[in-house]
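Structure, as structure tokens:
Protein chains: 2
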Amino acid sequence: MTSSDDASTLATVPTPALIVDRAVFDHNVATMGARWPGAALRPHVKAFKSTAMAAALRTAGHEGFCAATTREIEGLAAAGLGTDLLLANESVDPRRLASLGRLVRDGLARITVAVDSDETIDAATSAGLREVLIDVNVGLPRCGCEADDAGRLADRARSLGLEVRGVMGYEGHVVGLEDRAARDEGVAAAMHVLVAAHDVVGGDVISGGGTGTWDSNTWVTELQAGSFTLLDTAYAALGLPFRPGLSVLGTVISTNATTGFAVADVGLKALGMDHGKPEVDGSFVWFCSDEHLTFGPPRGTSFADWGVTVGDRVSVWPAHIDPTISQHERMHVIEGSTASSETARVVPDPDAAIIEVWPVDLRNW
Amino acid sequence: MTSSDDASTLATVPTPALIVDRAVFDHNVATMGARWPGAALRPHVKAFKSTAMAAALRTAGHEGFCAATTREIEGLAAAGLGTDLLLANESVDPRRLASLGRLVRDGLARITVAVDSDETIDAATSAGLREVLIDVNVGLPRCGCEADDAGRLADRARSLGLEVRGVMGYEGHVVGLEDRAARDEGVAAAMHVLVAAHDVVGGDVISGGGTGTWDSNTWVTELQAGSFTLLDTAYAALGLPFRPGLSVLGTVISTNATTGFAVADVGLKALGMDHGKPEVDGSFVWFCSDEHLTFGPPRGTSFADWGVTVGDRVSVWPAHIDPTISQHERMHVIEGSTASSETARVVPDPDAAIIEVWPVDLRNW
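Chains A and B are the protein sequences, given in the same order. Our numbering numbers the first residue of the first sequence as 795 and each following residue consecutively. Our numbering numbers the first residue of the second sequence as 795 and each following residue consecutively.
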């Protein structure tokens, strides 16, 4: 199989390929860390699924991580990143939970799991897990108990010998609202529910929030955010101080001067499509197929003036980084340019050196 | 890492997990093979990305395959399935094409590549490849030369010593049309263009078509189809004789009786979302998050009567199989039931034995 491990610059990396701008990543981490230093930030590895990137966040002072799958938790522990791991999701899989329980028993990781029902509390207990957060529904129709059931569940957990560290609640229904006032109002309403549940449950931890509410969520003791590291076109629309640092590098494999479009090898299998089409600077994206991106000149520009030809490299900006990264085996990290820090989006230099490769080692289940 | 290799029934397989109904697969392959026997069918492995499944198709008599990526081609060759491989896509990557060229030189595979420009012809020649098809644009804005340029490109290819086996053209803009008459009209118009190009280019091969035009495309000498093997909800809407045989098994991890929904662990990272939401029988799907599917009772049914509880297994039917399969490491094959052949969709028996595991070994690039 062709591997990109031996490519030293973007000019020779096989495409499609994930490109991370290290300067942008560092800028984003520093910006977030100024508001949420150390353990106040619990980076969500579901966004990037890479222990190498998690290690870079630990170097920046953030030792606790949260995750959406047991495989992410196991991978973080195996990579020596198990200081304080939170499975911010429910599981009733006895084998997988027992595997986490063994990591705890053997002192290989501190693992807390979210619970929101009798069944998930019982499953955690049976698996030999010791610490939980009561997951509270704060408005997003997903996991989390009703707030008025949180106290009962905490009592049940404690009666079974579990340590209840506190509560968790994710205001995912408001983190993406582009209207700043509506977003602020939504987070306040959601956190009002969470804090009330915490008053009953007790414990040191109120965990929640995300990239979109990083500066408006003043209620949580730790912020669960992941997308801020590299952003995407959806979050870029919110006017946050974080910058887009993840693109998918493609190669133009075909052009059609008659109709006026070109085709690059960045298809929907190389992108998360749930938030819509990706963007290409100086172009208009028509649509994605499995392995193709059809795109053309922007309105008012002729195909000839657009100047795209077979063999050109293009940077494709995904609408949602989480499911984009999870489609790839690795991220290619380039140095990037701090000089461009005022620019919203910096297109990678086609000859940029690849300074690191971050395996996407936490994919799959 | 938790592996599902040692799970023997669906009751114990970790979720989310791809489930293939072998009886449905066999029905679909037999139905297609009756119209397109042997080499007349060139199964498109991009749909399923598995050499094990390709081997099952070879057992059914289909020895030639087409693929969308060089990695698919290399994987098929490595698995001993290199009798007649077509890269039905353009590439100008010198290293990857050279890798295919070595397979040809060493007699490990017969490989034909699609070309649609001077650049792709030159790249194939430089790589030591010997056989090409002229890819013709028949209406889908993607790859393929303009029909009136096909003769010139064939001449150029031959002048460089390449064998031009014929033409290829994919009517992807019409294969999904639900209106049968419009679909038939569209395929006729597209194939009129392709046949005219073939008249100029020559060669034995007219390659094209797909699952949606399997019985209306009477012009091609070989059909490029892949989705017919397992279908999806998008193709199921066309009234074809193929049946849905691929589901994603999930586990209910949370329920909310107050609002009336449940959450399963089949999120958008376990699904292709470009064709829209998946379906769950007897339920209404609300939305997908990265690792969650929120769904509720159908209209007119109360949450209590719906009866979904934590720990239940659910079958999730994807809207598009190609990017669903490519998110997974393996497919779990169950025997299925031929007795249900008249039923449009058979929900897998929760205790069904897993008779085979098909690795999705052709993922990534």
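Beta carbons: idealized from backbone N, C-alpha and C, even for Gly.
{"Check": "Chain B contacts from the region 1045-1062 of chain A (Cβ-Cβ distance under 7 Å)", "Outcome": "T1045, I1047, S1048, N1050, T1052, T1053, F1055, V1057 and L1062"}
{"Check": "Contained beta strand (DSSP E) runs [length at least 3] in the region 821-908 of chain A, N- to C-terminal order", "Outcome": "858-861 and 878-881"}
{"Check": "Residue-level contact to chain A via CB, T1088(B), 9 Å cutoff", "Outcome": "yes"}
{"Check": "Cβ of T1095(A) within 9 Å of any chain B Cβ", "Outcome": "no"}
{"Check": "Against chain B: residues of the region 853-870 of chain A by CB proximity under 9 Å", "Outcome": "A862, T863, T864, R865, E868 and G869"}
{"Check": "Distance between E957(A) and D1099(B) (C-alpha atoms, nearest Å)", "Outcome": "36 Å"}
{"Check": "Contact check, G1090(B) vs G1054(B), beta carbons under 9 Å", "Outcome": "yes"}
{"Check": "H1126(B) - partner residues in DSSP beta bridges", "Outcome": "I813(B) and V1151(B)"}
{"Check": "Minimum Cβ-Cβ distance from D1084(B) to chain A less than 9 Å", "Outcome": "yes"}
{"Check": "6 Å CB neighbourhood of S1010(B) in its chain, flanking five on each side removed", "Outcome": "D978 and V981"}
{"Check": "Candidates F842(A), T845(A) and W1008(A): closest to P831(A) by CA position", "Outcome": "W1008(A)"}
{"Check": "Pairwise C-alpha distance: A861(A) and A833(A)", "Outcome": "15 Å"}
{"Check": "C-beta atoms of R865(A) and W1159(A) nearer than 9 Å", "Outcome": "yes"}
{"Check": "Pair within 9 Å by beta-carbon distance, V1046(B) and V1110(B)", "Outcome": "no"}
{"Check": "Inter-stretch contact at 8 Å, needing at least 3 Cβ pairs: the region 1119-1128 of chain B / the region 1070-1081 of chain B", "Outcome": "no"}
{"Check": "Own chain, CB closer than 8 Å to I1115(B), minus 5 neighbours either side, in chain order", "Outcome": "A841, F842, S1021, L1024, L1025, D1026, L1040 and G1066"}
{"Check": "Cα-Cα separation between L947(A) and V1127(B), rounded to whole angstroms", "Outcome": "39 Å"}
{"Check": "L947(A), DSSP secondary structure in three states", "Outcome": "helix"}
{"Check": "Alpha carbon of I1000(A) to alpha carbon of A1147(A), nearest angstrom", "Outcome": "42 Å"}
{"Check": "Extent of the continuous beta strand (DSSP E) run through E965(A)", "Outcome": "Counting along the chain, E965(A) falls outside any beta strand (DSSP E), and DSSP gives it neither H nor E."}
{"Check": "C-beta contact flag for A1019(A) and G1033(A) at 9 Å", "Outcome": "no"}
{"Check": "Among A1064(A), H986(A) and E925(A), the one whose alpha carbon lies nearest that of Y964(A)", "Outcome": "H986(A)"}
{"Check": "Where F1078(B) falls: helix, strand or coil (DSSP)", "Outcome": "strand"}
{"Check": "Cut-off 6 Å between Cβ atoms - residues of its own chain near D929(A), not counting five sequence neighbours on either side", "Outcome": "A908, D910, C937, G938 and M962"}
{"Check": "Beta-carbon proximity list for R1157(B), same chain, < 7 Å, skipping 5 on both sides", "Outcome": "K843 and S1120"}
{"Check": "C-beta atoms of G858(B) and D878(B) nearer than 9 Å", "Outcome": "yes"}
{"Check": "The region 950-982 of chain B: positions lying closer than 8 Å to chain A by Cβ", "Outcome": "G966"}
{"Check": "Beta carbon proximity, V1074(B) to chain A, threshold 9 Å", "Outcome": "no"}
{"Check": "Contacts of R936(B) in chain D (Cβ-Cβ under 7 Å)", "Outcome": "Among the protein chains of the structure shown, namely A and B, there is no chain D."}
{"Check": "Distance, A850(A) Cα to S953(A) Cα", "Outcome": "39 Å"}
{"Check": "Buried or exposed (CB count within 10 angstroms, at least 16 for buried), S885(B)", "Outcome": "buried"}
{"Check": "Rounded Cβ spacing between V1102(B) and D815(B) (contact assumed at less than 8 Å)", "Outcome": "Actually they are not in contact, since the Cβ atoms of V1102(B) and D815(B) sit about 22 Å apart, beyond 8 Å."}
{"Check": "Identity of the residue in A984(A), H1086(A), T1015(A) and V1057(A) nearest G996(A) by Cα", "Outcome": "T1015(A)"}
{"Check": "Against chain A: residues of the region 885-899 of chain B by CB proximity under 9 Å", "Outcome": "S885, V886, D887, R889, R890 and S893"}
{"Check": "For S920(B), the residue or residues it bridges with in DSSP", "Outcome": "Note: S920(B) sits in no beta bridge, so no partner."}
{"Check": "Residue ranges of each alpha helix (DSSP H) within the region 1039-1116 of chain B, 4 or longer", "Outcome": "1097-1100"}
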